[in-house]
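Residue numbers (my numbering), protein chains in the order written: chain A, 3 to 339; chain B, -3 to 288; chain C, -11 to 225. Cβ atoms here follow ideal geometry from the backbone N, Cα and C, with glycine treated the same way. Only a predicted model underlies this, so the values are computations on that prediction, with no experimental measurement involved. Taking it in order: structure first as structure tokens, then the write-up.
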Amino acid sequence: MAAAQEVVTETPTVEAPPKRAMTLGYGTSLALLGLLALVPLFAKNFIIFQMTTLLIYALAVLALNILTGGSGQFSLGQSAFYAVGAYSSAILMEHANINYALTLPISGVICFAFGYLFGKPALRLSGIYLALATFALATAMPQLLKLGVLEPWTGGVQGLVVDKPDAPFGLKMSQDMWLYYFTLAVSTAIYIFSVNLLKSRSGRAFMAIRDNEIAASAMGIDVARYKTLAFGISAGITGVAGALGAIAVQFVAPDSYTVTLAISLFLGMVVGGVGWLPGSIVGAAFIIFVPNIAESISKGLSGAVFGVLLFLVIFLMPHGARQVAMFGQRLVGKLWK
Amino acid sequence: MELLINQVLAGIATGAIYACMALAIVMIYQAIENLNFAQGEMAMFSTFVAWQLMQWGLSYWEAFLITVVLSFVGGIVIERLLFKPLAKAPILTNVAGFIALFAIVNSCAGLIWDFTIKEFPTPFGSAPFLGSQLISTHQAGMIGVTLLLLLLLFFFFRFTRIGLAMRAAAALPESARLVGINTSWMIALGWGMAAAIGSIAGMLIAPVVFLEPNMMGGVLIYGFAAAVLGGLTSPFGAVIGGFLVGIFENLAGTYIPGVGNELKLPIALALIIFVLVVRPAGLFGRAIVKRV
Amino acid sequence: MTAMLNVKDLRAYYGQVQALHGLAFGLKEGSLTTLLGANGAGKTTTLRAICSMVRATGSIEFDGASLLGRSTENIVRLGIAHVPQGRGTFTAMTVEENLQLGAITRKDKAGIASDIERMYNHFPVLKQRHTQQAGTLSGGEQQMLAVARALMLRPRLMLLDEPSFGLAPLIVRELFRILGKINREDKVSILVVEQNAELALELADQAYVIETGRIVMSGNASEIANNEDIRKSYLGY
């Protein structure tokens, strides 16, 4: 006791659920996937496009969830990785004529490297300090993309226009619908990867670090390696989401990737439930639709309505959508008996 | 050489803005160990209140005083209503709360006072200060007020019982409760003081950047940079940090080739990251040992 | 004679885990009572429950007023000073500021000033270091500071959690001597939790032995100290 002066038992950065509670059961997952696969057959193109956006944001929120919910690191800078992914994909398509589908893994790898490198210095930071550093990165990103030196590739302030892909193999499908299924396939693959990642040895290491870094290192976990790895993987997935986003909206420009996007993704994670991967889609829905709802309630006060709704979510369900899901599960369990 | 001196002077002038904001940021950090991302918006709202009071015919100093008092009360009310219930929640949830507060305050200000730019008066005039074109009397006044605030804070924390109690509550909440300090109210008091200091910062900044709901967008991030540079646990450091960021920004813009206005912001941000990585406690902050 | 502190059926919980199982004991005004027991028996929890620092049920009465449900700071204001395990020193502040903090709830400036002088008489080493940062003091000095800080409240009851922890035997003796003096001269009732049973029994007039959250033995301190069976089975010396 005497040795530890001025000790602070910190409020936890993250209060995350145990590993088992981080995913859905097989049945529920398949049902949800089926539902997502069927919706476009009955919806208009605009709705399908919105669903595509939903999946893309869900992917970005999922990536943040791995970082924060998984390894306990805090980021308010995901928009930077998203931007790098989007630009990588757009530049590869426009300047190198690479097929859109191939740009995804390349963007992912580029962002993995970027995230991994950023994760190195970020190792020394935790909690609110890391939030601030990532926030700074996100704020700087649009400025960097506008740089004159990079203009031949990035198109400067104007940005780049990207072609929307047609459905392959002569499939009779609208561009929007094809893109939706393409995105759904990619998202599902990444979701499965993420679930398995968190169940793996690395996932356990992440969670040990999240729950107690000092104890984790005492157990022989290479804390530095796993923390940077988490940053890399999170950035990689965000990059893929950014690339998909670029393809979907057919356009990249510096001001599409401001810190507002990073904050949105962060809110999406909080609303969806930190550490609960399926919550990512709920969180994505919140950040896409709630601003619209707020706008329809009051045009002049949409920001205030959004803020109030957000406060309601935090107060009523501090664990986000996970809490609702657990409650529902218990309710169903009771009714069953 | 003259260029250098001029740039340093200009840097100090802009740095005063950041120093003011950083002081408010440090106040709240002392109380809750968290960064209030809505701090700038609260300051902006306070400044609008002062503007409104003057529109209703009050003199500058009357409006100034009333605004500081209202902001103090407002800060306490916000803490009691919105953030006291989150006291035991994870940092993450609190940050989401700050963002929500940001949205609410910004949007309400826009609705009440709309988004057109308004001029805000200065009590110090805007003539050149001591014949220097680089620093105006307003900026000199701003530096003076910032230093005065710092001095007052120093005396408050060092020599008053309530200041001592606030320090104790921030350092070791459990021990503070064991000597009979109501730590929860100390946090509310911290919010009130941060809001009051923020309102002063807002009223000093407004004549420079003009009054509008988004006026703090650019300032807050520099305020963070300043607070981090000086150390989030040190009001003195925050003010020094503010001046340093101002000087650094100006010198980088002048001497590093290719750094025009477009790169000033990234440079300030790079500075944040650099300082955080090299010396997380800042220049004047104290390091804190963590327990398993 | 009614007790000053009366604890009945006290149950305390850390999350789901129950640490105290219906503890009951009393403490007479002016007495120096010790609570003995092995690691994990619930001694610290008992003190924490009195100061409402852990979730508890049952009844704790201080001078007839119920303490359960009050906040820690309100309980302290009733005149109960608690020297926690690890001492709770404000390490970044000076010795004198630490003493000032002990009296933060009091309004009588002159009284506070004279009490600080009184503490310097009890603990001369604190006077030598009164402008020094408390974190620079040695363990024993910090323990003395913690006791002095608690006394600055002018408490009627002082709770001490393992004051001997980590201190050299000579310093422990000195500390206990001063505690006895404070108890007799300043009429402060003391409840001290100790693992060093031999020394605590020497000092105390009343003793309770606690095991797995229950009182298993109570009585006159000297009787317990002289009963070899109890000593061997519960106190281990």
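Whether residue i touches residue j by CB criterion (8 Å)
{"i": "A:I290", "j": "A:L78", "result": "no"}
{"i": "B:V241", "j": "B:L267", "result": "yes"}
{"i": "A:P167", "j": "A:Y228", "result": "no"}
{"i": "C:Q120", "j": "C:V83", "result": "yes"}
{"i": "A:I58", "j": "A:G238", "result": "no"}
{"i": "B:L24", "j": "B:G219", "result": "The question names Leu, but residue 24 of chain B in the sequence shown is Ile. Not a contact, by the Cβ cut-off of 8 Å."}
{"i": "A:L311", "j": "A:V284", "result": "no"}
{"i": "C:A72", "j": "C:D(-3)", "result": "Strictly speaking, residue 72 of chain C in this sequence is Pro, with Ala absent from that position. Their beta carbons are not under 8 Å apart, which means C:P72 does not touch C:D(-3) by this criterion."}
{"i": "B:L207", "j": "B:T63", "result": "no"}
{"i": "A:A142", "j": "B:P262", "result": "yes"}
{"i": "C:A188", "j": "C:L24", "result": "yes"}
{"i": "B:A27", "j": "B:I183", "result": "yes"}
{"i": "A:F137", "j": "A:C113", "result": "no"}
{"i": "B:A161", "j": "C:I100", "result": "no"}
{"i": "B:G11", "j": "B:F150", "result": "no"}
{"i": "C:A122", "j": "C:T77", "result": "yes"}
{"i": "C:F50", "j": "C:S206", "result": "no"}
{"i": "B:L130", "j": "B:A223", "result": "no"}
{"i": "A:A245", "j": "A:S109", "result": "yes"}
{"i": "A:V254", "j": "A:G161", "result": "yes"}
8 Å Cβ cutoff, residue i in contact with chain A
{"i": "B:V288", "result": "In this predicted model, B:V288 has a pLDDT of only 40, less than 50, meaning its place in the structure is not dependable; the value taken from the coordinates is given anyway. So, interface residue."}
{"i": "B:N246", "result": "no"}
{"i": "B:G276", "result": "The sequence given here places Pro at residue 276 of chain B; Gly does not occur at that position. By this cut-off, B:P276 is an interface position."}
{"i": "B:G11", "result": "no"}
{"i": "B:V273", "result": "yes"}
{"i": "B:I293", "result": "Residue 293 of chain B lies beyond the residue range present for chain B, which begins at -3 and ends at 288; the question has no answer from this structure."}
Residue i (DSSP reduced to helix, strand or coil)
{"i": "C:I198", "result": "strand"}
{"i": "C:Y2", "result": "strand"}
{"i": "A:S266", "result": "helix"}
{"i": "A:V163", "result": "strand"}
{"i": "B:H134", "result": "helix"}
{"i": "B:V288", "result": "Unreliable placement is indicated for B:V288, whose pLDDT of 40 sits below 50; the coordinate value is still reported in the next sentence. Note: B:V288 maps to coil in three-state DSSP."}
{"i": "B:N210", "result": "coil"}
{"i": "C:E150", "result": "coil"}
{"i": "A:M221", "result": "coil"}
{"i": "C:K175", "result": "coil"}
{"i": "B:P124", "result": "strand"}
{"i": "A:K148", "result": "coil"}
CB contact check: residue i to chain B, cutoff 8 Å
{"i": "A:Y228", "result": "no"}
{"i": "C:P72", "result": "yes"}
{"i": "A:Q331", "result": "no"}
{"i": "A:A133", "result": "yes"}
{"i": "C:K169", "result": "no"}
{"i": "A:I50", "result": "no"}
{"i": "C:E61", "result": "yes"}
{"i": "A:R126", "result": "yes"}
Nearest neighbour of residue i, chosen from the options [CA to CA]
{"i": "A:V225", "options": "A:L35, A:L333, A:L125", "result": "A:L125"}
{"i": "C:L145", "options": "C:T21, C:H9, C:Q4, C:Y1", "result": "C:T21"}
{"i": "B:A83", "options": "B:M38, B:T10, B:N30, B:L54", "result": "B:N30"}
{"i": "A:L267", "options": "A:A327, A:L69, A:V41, A:P123", "result": "A:L69"}
{"i": "B:Q51", "options": "B:P117, B:I1, B:A39, B:A105", "result": "B:P117"}
{"i": "C:M41", "options": "C:H9, C:N62, C:I198", "result": "C:N62"}
{"i": "C:L167", "options": "C:L191, C:L(-7), C:V181, C:L155", "result": "C:L191"}
{"i": "C:R172", "options": "C:V5, C:D96, C:A(-9), C:S19", "result": "C:S19"}
{"i": "B:W47", "options": "B:S195, B:G226, B:L265", "result": "B:S195"}
Minimum Cβ-Cβ distance from residue i to chain C less than 8 Å
{"i": "B:G176", "result": "yes"}
{"i": "B:A85", "result": "no"}
{"i": "B:L168", "result": "yes"}
{"i": "B:S230", "result": "no"}
{"i": "B:S171", "result": "yes"}
{"i": "B:R157", "result": "yes"}
{"i": "B:L160", "result": "yes"}
{"i": "B:A164", "result": "yes"}
Contact test: residue i Cβ vs the ligand NAP heavy atom, cutoff 7 Å
{"i": "B:A161", "result": "The model depicted lacks the ligand NAP and carries no ligand whatsoever."}
Open item on the list: Count Cβ pairs between the stretch 252 to 263 of chain A and the stretch 78 to 95 of chain A that sit closer than 8 Å; are there 3 or more?
Closed with: Result yes; three or more Cβ-Cβ pairs closer than 8 Å.
Task: Touching by the beta-carbon criterion (3+ pairs, under 8 Å), the stretch 82 to 94 of chain A and the stretch 297 to 314 of chain A - done: Counting C-beta pairs with one atom in each stretch, the stretch 82 to 94 of chain A and the stretch 297 to 314 of chain A have fewer than three that are closer than 8 Å, which means they do not touch.
- [ ] Inspect the CB distances between the stretch 98 to 112 of chain C and the stretch 131 to 140 of chain C and report whether three or more fall short of 8 Å.
- [x] Yes, since at least three Cβ pairs between the stretch 98 to 112 of chain C and the stretch 131 to 140 of chain C fall closer than 8 Å, the two stretches touch.
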